[in-house]
Amino acid sequence: MRPGRVVIINDRSAEIGGASNLSCLAARLLREAGVPVTFFAGDEPARTAQPETVHVNGKPLVERGRLSALAGGLYNRNAYSALSGWIARHDRPSTIYHVHGWSKILSPSIFRALAPVRERVVLHAHDYFLACPNGGFINYPTASICGLDPMSLRCLATQCDKRGFHQKAWRSTRHLLMQRFSALQRQPANIVLVHEGMRRFFNRAGIDDSRMVTIRNPVAPFLPSGARPQEKCDFFFIGRLEPEKGFEDAARAAHLAGVPLHVIGEGAGRALLEARYPQVTLHGWCDRAQIAGLIGNARCVVISSRVPEPFGLAALEAVGSGIPVVLPSHALLGGELTEAGAAFTFPTGGIEALAATLRRLADDDDLISAMSENALQCAPQFSNTTESWLAALLALYAGILDRVIRGRAPGRGRANHRTGITAGQAVGTRGNAPGANAFGHAASQSNEAD
Numbered sequence: 001m002r003p004g005r006v007v008i009i010n011d012r013s014a015e016i017g018g019a020s021n022l023s024c025l026a027a028r029l030l031r032e033a034g035v036p037v038t039f040f041a042g043d044e045p046a047r048t049a050q051p052e053t054v055h056v057n058g059k060p061l062v063e064r065g066r067l068s069a070l071a072g073g074l075y076n077r078n079a080y081s082a083l084s085g086w087i088a089r090h091d092r093p094s095t096i097y098h099v100h101g102w103s104k105i106l107s108p109s110i111f112r113a114l115a116p117v118r119e120r121v122v123l124h125a126h127d128y129f130l131a132c133p134n135g136g137f138i139n140y141p142t143a144s145i146c147g148l149d150p151m152s153l154r155c156l157a158t159q160c161d162k163r164g165f166h167q168k169a170w171r172s173t174r175h176l177l178m179q180r181f182s183a184l185q186r187q188p189a190n191i192v193l194v195h196e197g198m199r200r201f202f203n204r205a206g207i208d209d210s211r212m213v214t215i216r217n218p219v220a221p222f223l224p225s226g227a228r229p230q231e232k233c234d235f236f237f238i239g240r241l242e243p244e245k246g247f248e249d250a251a252r253a254a255h256l257a258g259v260p261l262h263v264i265g266e267g268a269g270r271a272l273l274e275a276r277y278p279q280v281t282l283h284g285w286c287d288r289a290q291i292a293g294l295i296g297n298a299r300c301v302v303i304s305s306r307v308p309e310p311f312g313l314a315a316l317e318a319v320g321s322g323i324p325v326v327l328p329s330h331a332l333l334g335g336e337l338t339e340a341g342a343a344f345t346f347p348t349g350g351i352e353a354l355a356a357t358l359r360r361l362a363d364d365d366d367l368i369s370a371m372s373e374n375a376l377q378c379a380p381q382f383s384n385t386t387e388s389w390l391a392a393l394l395a396l397y398a399g400i401l402d403r404v405i406r407g408r409a410p411g412r413g414r415a416n417h418r419t420g421i422t423a424g425q426a427v428g429t430r431g432n433a434p435g436a437n438a439f440g441h442a443a444s445q446s447n448e449a450d
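Counted the way UniProt numbering counts, the sequence shown spans residues 1 to 450.
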């Protein structure tokens, strides 16, 4: 059954990267497929905002005063009133509610508003905020992966936040409110993972995974046709210049290996790179067209993040362009791309090992050529096209509505997470009947800040 309407819920209504890009893409694709869409956004109307949008007219927490952000981030009364009012006036049994982002403006209050229609709500896990109070299973002070169970006593007592323990206490309080209103530990929910590897992190948080499904993000390569990286010499880092992204690891490794490094991205770490690594070429924030103009000169793309990225968009955009990548061993895509012969991995934080890999790749044109061919061949296996992504979303919605309307008992089967595509199938849903894992990341800007 096709939905009568999809309400897409996101902090922002404009394409500013990450979840915002994907929510806007979903709205456009659904409209083009003939599905009515209402966009519910936490922000104010913008020049590039979505049509038929309900705006809460709020500002991101980082742009608000301290007291306003403290209170509004915990519970946005305007968001609750606007969403609950819309549901009371317009909800129909065939309406689907798809939440993409809530942590920057909308707050946990939206989960309270959605409670009456919970069986028809989809939660898209572009990050880990549904499972972890700081959103990333990251210990920011140590720039390392956190191994603690979320909201355990050890978790609550650990200062893992980038802004200090006061912020950790606030985030933990917000997480408690989200848990109370969403009941993710007590009842199964329609949760979409962007990579099957995220499931183990959600399991650590005690979230019922019986209705989780993996639908990988749509990816468009940086370049319309394959590059010839074996003829190039430059290595590229693409990402925000924040410690957890490992930008300095990439710079130090490139220096040790004696290879040229180009950095695409902006952030607080720019000054550090300028001061300590003057040989690194800094391009700053670049739009997609600018990235395409630069990346054609890449021999390899270096992903040196110290944290478990949910998807790894830049890696797949590079691989789809025929450019080899080097990733940390903990990267969710690392094993898959290495097995396909398109990547190498290195121990997270292992700068000397990374440097040795970069030196090897700099010296071996034949190896780069073979990896480039492998990359072009394997890339379609690891992500969706826009067409297959839309098909997966529609199948998910159909399964949800079918179960709700028929009053079936919730199934206990897990989503099959294998990622190959055959005709009419979408990555992450292979082998599943439409909607079999329903409920109880576009993302095209790789260097966009949260």
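Ideal Cβ placement from N, Cα and C applies to all residues, glycine included.
Quantities reported herein were computed from a predicted structural model and do not represent experimental measurements.
Going by DSSP in three states, residue i sits in which element: helix, strand or coil?
i	result
ASN447	Its pLDDT being 41, under 50, ASN447 is placed unreliably in this model, and the coordinates cannot settle the point.
THR348	coil
ASN416	Reliability fails at ASN416, whose pLDDT of 40 lies under 50, so the model's placement of it is uncertain and no value is given.
PRO328	strand
ARG47	coil
TYR80	helix
VAL263	strand
LEU61	helix
CYS286	coil
CYS132	coil
VAL99	strand
HIS124	strand
ASN21	helix
ALA438	Confidence in ALA438 is poor, its pLDDT being 31 and thus under 50, which makes the residue's placement too unreliable to answer from.
ARG299	strand
ILE400	helix
THR53	strand
ILE421	Reliability of the predicted coordinates at ILE421 is poor, the pLDDT of 34 falling under 50, and no value is obtained from them.
THR429	For THR429, the predicted structure reports a pLDDT of 46, less than 50, and the residue's modelled location is therefore unreliable. The matter cannot be settled from this model.
Throw me the rounded Cβ distance for the residue i and residue j pair, which I believe falls under 8 angstroms.
i	j	result
ILE368	LEU361	6 angstroms
VAL99	LEU396	Not quite, the Cβ-Cβ distance comes to about 13 angstroms (not below 8 angstroms), so this is no contact.
ALA342	MET371	6 angstroms
GLY101	ALA19	4 angstroms
PRO116	LEU401	Going by Cβ atoms, the distance from PRO116 to LEU401 rounds to 16 angstroms, so no, they are not a contact pair.
VAL122	VAL56	So it is not a contact: roughly 20 angstroms between Cβ atoms.
With a threshold of 7 angstroms on Cβ separation, who are the neighbours of residue i within its own chain once the five nearest residues in sequence on each side are excluded?
i	result
LYS232	ASN297, ALA298, ARG299
PHE346	VAL326, PRO328, SER329, ALA353, LEU354, THR357
ALA113	TYR80, LEU83, SER84, ILE87
GLY320	VAL219, PRO221, ALA379
LEU177	LEU74, TYR75, PRO108
CYS24	GLU15, GLN50
Apart from the five residues on each side of it in sequence, which residues of its chain come closer than 8 angstroms, Cβ to Cβ, to residue i?
i	result
ALA423	With a pLDDT of only 30 at ALA423, under the threshold of 50, the placement of this residue in the model should not be trusted; the figure read from the coordinates follows. So no residue of the chain qualifies.
THR53	SER13, THR38, PHE39, PHE40, ALA41, PRO45
GLY227	The sequence given here places Ala at residue 227; Gly does not occur at that position. Excluding sequence neighbours, ALA227 sits near ILE295, GLY296, ALA298, SER321, GLY322, ILE323, SER372.
ARG64	GLY72
Report all residues from its chain with a CB closer than 6 angstroms to the CB of residue i; omit the five preceding and five following residues, and keep chain order.
i	result
CYS132	PRO150
LEU30	VAL6, VAL37
ILE295	PHE222
LEU390	LEU29
GLN425	Annotation note: pLDDT 45 at GLN425 (below 50); position unreliable, no value reported.
SER182	PHE111
MET1	ALA398, LEU401, ASP402
Please go through the segment 202-254 and give each complete beta strand (DSSP E) segment of 3 or more residues, from N-terminal end onward.
212-214, 234-238
Does the structure place the segment 237-255 close enough to the segment 301-310 that three or more beta carbon pairs sit under 8 angstroms?
yes
Counting pairs of beta carbons, one from the segment 87-99 and one from the segment 395-407, are three or more of them closer than 8 angstroms?
yes
Is the number of C-beta pairs between the segment 165-180 and the segment 117-128 that are closer than 8 angstroms three or more?
no
Are the segment 282-296 and the segment 382-399 in contact at 8 angstroms, needing three or more beta carbon pairs?
no
So does the segment 145-154 actually touch the segment 200-220, counting three or more Cβ pairs closer than 8 angstroms?
yes
Count the CB pairs spanning the segment 188-202 and the segment 260-271 that are closer than 8 angstroms, and state whether there are at least three.
no
Of all the alpha helix (DSSP H) runs that stay within the bounds of the segment 141-195, which reach a length of 4 or more residues?
153-157, 165-182
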